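Beneath this line is the structure, given in structure tokens, with notes to follow.
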């Protein structure tokens, strides 16, 4: 446990060997000498009737001298055993505790709860190297290599063809002598067909190896520090992407490169500096030496990906949006000026297409549409929405140009998500009066004590998720028609409907300033949601499906919107509401999976190769879907699942503005 | 021809394909498009009765349109054909001309005449890459990779798992666009189990690739610039090793490192600077761009090897003389600050032992004792003599501390080999009068016109090979006894024998200054030659042999000494004189073989693993052999081969000084 793998072994088999035979990667830095303590296990006792197993403490060999020595010198919790030094004597249910941590100083943070099987690209191997011998004048590295092969090949690892990083070749001899010929080798091997490389060497037993998983967003960079030996996330940090000073959105950054000599270099340095700052932060938080970081995985959209790697993103700014490289990128961290161990390696996940990046690939890896039968729609909303749709049989992907409206830009009262911003809205369909909630407060505006909290921050605007709600509530209250027109006739009924130039507005918040939703605001959201929906619809057409089983919203925007309102506005197709979930930074989780398990790297490489890429700009149907999706919820389908929980307004005859197109009357079931 | 390989093919087989099937690496950069001209051949016509072949021009397909187009645009000598565009129609003897050179500007120097079969680690592959396509958004690198696999896998190459150097990933896109999607890829692959790497990319057809083979001696650095496409050496240069200013011999350089902080760094920079100067020289001589240098091989003794690679050589200065690495070293040239193509690769040959370096390995590769049945003794004389002895069954190696006497140091009238130094000596056994020749003149001192030439340079000393001759001639003239004592009784007979403190000297040259050979000089040479001989003898004991079939002197010293005198002095065991050869810079030839053919890399790697290393300091017999070898020629064997050409003096009773040991009378057959 927790992998649940089972097998039969002869009595007397060391538990560590049994685990390895089952493909469970129990770590053992010392190679079974009973000194590293990394291979700790616990026996679950009891009658596991379902599996016809009675697991008891008598079915494991008695606590032995190696374990006693370890318990005396270090610290072995009651009930814990060393799997290298204890053998199977009968039926056993074996638990691998997630918290096996030797360095007690390490601060551990609550993980996201997701179990990731470990099979990292880095192995620590303790080894006792024969001293140099004039009779057999093999070089120090050659004897180290031979001993690693000898000691570790039997442990399921294959260190043949081991290479050595040049920086290490020049420092190898003093390390071996400082350690009195006892050293811990850090070996990197990513993939069966690649040569293993000796990337770090420590005198004596070295029991720590860390990795970094990082999502480079255009707005925010998020970084996780993970123990490669236990799989635990031990620190997380984030920062604004400093490239924002060169351009708020992606295209303006590409323009900056095109217009300014040295612009690409400046943005590359900016992001790498920020990464180095974050590395310093997570290390200092967790009291870890940056030199113990040996592996790193990175994800990001194509433009972030290119700028991070030092590649000019200009080609991504114009059709045909050619990536310099779409497959995974592997290289030493030192080539990217990252301040970690000089031998550390970097793995960058593959990009799916010119507008669907390694972040979308990582989110796919995390949510796994390709691992299940159910059809999953995975959406990451930003300036571009990245959309993946599929199941284990087939997967398609596209991006859709939603523009920045969902992030609060282009909205008259829009603002970034910050304390004081309106994030929740309810409108009474009878009175058309509104109630709101703001970021930083748990109270609704009609509850006692709201005033005080509101004064603390000041109410200055509506954030992205609030805009979705207010437009959706306006629609549900009948203030907006199916066609997105604010119904001016309601001005007779409520003074919240006010004239604004030649159109109408809705007064959402009577304060200083007064916040109104204008007809232009409604149009901006309509355009954004139509683009998103048209992209989704295009992929559904490609898959020849009429409905999806599951919807996942990745990214910050998705974390805060209420799925119900997203559906009312027609951002997404009809779906059982309990199957619509926000999954937060799924890209970061995917990066962590690739960090901890090489099999996940191969999995996403293969999945990305198989994903069918749809370029919305080339699809004639996209424009048709876009126009149809302008309506609320939209004109092309019914919403039986949504209508179970929300009463959608009767479709009225259109009033006010008209785009002059003939309309079909929306049918109801 | 010249490989001599033969095979049977169906009529219509392109000659290029047939060559490849036979394992003959005919180059074709364009992949058979008939545009690179690298695959030129000539047909030898005639009746090759020995092989029952009648080769005629009718047995090759007629001159075709591809060949005509190439001949029109470029220059195809009469009789030349393109093997990619001509097919076998009957029996053919096919010649691969050594001079296939596309760049007519290239200065070609006489090669050393040795034919090296080509199978380089670098391949140039012309490829036409599909343009980017929004429907299939593979990255530029990914499409390039796929096309290389598609076009070139059928040509006996396997570019699966192709990786790309990071410096190239950042410059890939403009190169592809400058070449209008037609590019030449330079791919490095050294060994079947290693991933091929894209290391350079050129717009359009690029028809040049060069390599450097370099021998880093402690005194002299020798460099060859070689065309990787034709195998021709096109420039050679050499320079003094600038590390000499830190210490004349190897041990003084190690001491410098131990005594001076930053000393290792300073010597590493010095040698790399010298290499960069040499690269500039050979490139400018051959009118080649340094950026067209894609592969480099290096050899050197262990201390030169370590300092070049940036490894502290301190461990090599004290027992057990531990090498940091003994196996081959492969790395990018950029990590060694070498100013060649940023993707160029470096291959450093393996070292045999702490005192027997990659230079000895390279000399072994060049002379090939391990490839033959005859027992070969391979000696490279320097401050340490590196000695390899063996045949295809078994090979042993050792080094012996000869000291610098053979190089003219520690000799009262010794000097480095330079114009004016005495290099040849004859002594009349009757009169004891001497004749000499000097470097820079073809005349003997008793010939007319010698005076003028001698005045031009001035006669200031005796070089290493001259010292061997004068001591040997003194012995043959009876001036020195078997025990190495100058016979003072001869002062009665000749005024060339003069008293010097309590011993005697021989006046070699009466001039200004007068050059004399003192008893101390004789002792220094005795010690040096005894060390060399004892080392050789030890290896012969290990091999359980009493005689060798062939002797090879490698290095500068060996190039100038007369084998007969080396044998008279007892530097080497008895051997047929025609089988004793000086082979010049055999280490440089070995480096060139490793540069041009990967099979030679594998060959020397395997050979070095199999060579038995003998540490003379640990062998009790060494001291015994050393003492016995002090005598002239020596006391332990007879010299039947030498006595066929030289009359050795009768052994006299000892006179003058004595080391006090009992002596056996030397037996004559």
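Residue numbers (our numbering), protein chains in the order written: chain W, 9 to 677; chain H, 9 to 677. Where is the CB? At the ideal position from N, CA and C, for every residue including glycine. Owing to the predicted nature of the structure, the values given are computational and were not obtained by experimental measurement.
Listed as beta-bridge partners of residue 517 of chain W by DSSP are W:523.
Chain H has no Cβ within less than 7 angstroms of the Cβ of residue 326 of chain W. Taking 7 angstroms as the cut-off, the beta carbon of residue 473 of chain W is found no closer than this to the beta carbon of residue 520 of chain W.
Residue 621 of chain W reaches chain H at 143, 144, 145, counting residues in chain order whose Cβ is nearer than 8 angstroms.
If you compare the alpha carbons of H:131, H:230, H:323, H:123 with that of residue 181 of chain W, the shortest gap goes to H:323. DSSP places residue 153 of chain H in the uninterrupted alpha helix (DSSP H) bounded by 148-160.
Here residue 406 of chain W is actually not in contact with residue 626 of chain W; their C-beta atoms are around 10 angstroms apart, not less than 8 angstroms. A distance below 7 angstroms between beta-carbons, with the five flanking residues on each side excluded, links residue 74 of chain H to the following residues of its chain, in chain order: 42, 90, 93. The beta carbon of residue 542 of chain W sits closer than 7 angstroms to the beta carbons of 408, 630, 633, 634, 637 from its chain, once the five residues preceding and following it are set aside; these are given in chain order.
Rounded to whole angstroms, the separation of the alpha carbons of residue 442 of chain W and residue 429 of chain W is 15 angstroms. Exclusion of the five residues before and after residue 616 of chain H leaves 358, 360, 369 as the residues of its chain whose Cβ lies within less than 6 angstroms of its Cβ.
Our two residues, residue 565 of chain H and residue 427 of chain H, have alpha carbons roughly 15 angstroms apart in a direct line. Checking the DSSP bridge columns, you'll see residue 386 of chain W partnered with W:396, W:560. If you look at residue 473 of chain H, you'll find it in the alpha helix (DSSP H) that goes 472-484.
Counting only runs that start and end inside the segment 408-461 of chain W, the beta strand (DSSP E) elements of at least 3 residues fall at 430-435, 442-446.
Residue H:167 holds the alpha-carbon nearest to the alpha-carbon of residue 154 of chain H among H:163, H:167, H:142.
Not flagged as an interface residue toward chain H: residue 283 of chain W, since no C-beta distance is shorter than 7 angstroms. For the pair residue 328 of chain H and residue 619 of chain H, the Cα-to-Cα distance works out to about 18 angstroms.
Residue range 301-308 is occupied by the beta strand (DSSP E) that includes residue 304 of chain H. Within the segment 342-356 of chain H, contact with chain W at the beta-carbon level (separation under 9 angstroms) is assigned to 343, 344. Runs of alpha helix (DSSP H) with 4 or more residues, each lying fully within the segment 249-328 of chain W, are found at 258-267, 271-294, 310-317, listed in chain order. Not one beta carbon of chain W lies nearer than 7 angstroms to the beta carbon of residue 183 of chain H. Within 9 angstroms of the CB of residue 186 of chain W, no CB atom of chain H is found; the nearest one sits about 13 angstroms away.
Within the segment 145-171 of chain H, the residues whose Cβ lies closer than 7 angstroms to some Cβ of chain W are 145, 146, 147, 148, 149, 150, 169, listed in chain order. In the DSSP assignment, residue 501 of chain W falls outside any alpha helix (DSSP H) and carries neither an H nor an E.
Counting only Cβ-Cβ distances below 7 angstroms, residue 174 of chain H has contacts in chain W at 339, 343, in chain order.
Boundaries of the beta strand (DSSP E) around residue 50 of chain H: 48-52. Proximity to residue 576 of chain H across H:384, H:555, H:476 peaks at H:476, based on C-alpha coordinates. Taking 8 angstroms as the upper bound for CB-CB distance, residue 126 of chain H and residue 604 of chain H are in contact here, some 5 angstroms apart.
Residue environment for residue 400 of chain H: exposed (fewer than 16 other C-beta atoms within 10 angstroms of its C-beta). Annotation: residue 98 of chain H is outside any beta strand (DSSP E) and is labelled neither H nor E by DSSP. Fully enclosed beta strand (DSSP E) runs of no fewer than 3 residues occupy 558-562, 588-590 of the segment 555-640 of chain H, in order along the chain.
Annotation: residue 379 of chain H is outside any alpha helix (DSSP H) and is labelled neither H nor E by DSSP. When C-beta atoms of the segment 201-216 of chain H are compared with those of the segment 340-357 of chain H, three or more pairs fall below 8 angstroms, so the two segments count as touching. By the 16-neighbour rule on beta-carbons within 10 angstroms, residue 326 of chain H is exposed. Taken through DSSP and simplified to helix, strand or coil, residue 355 of chain H comes out as strand.
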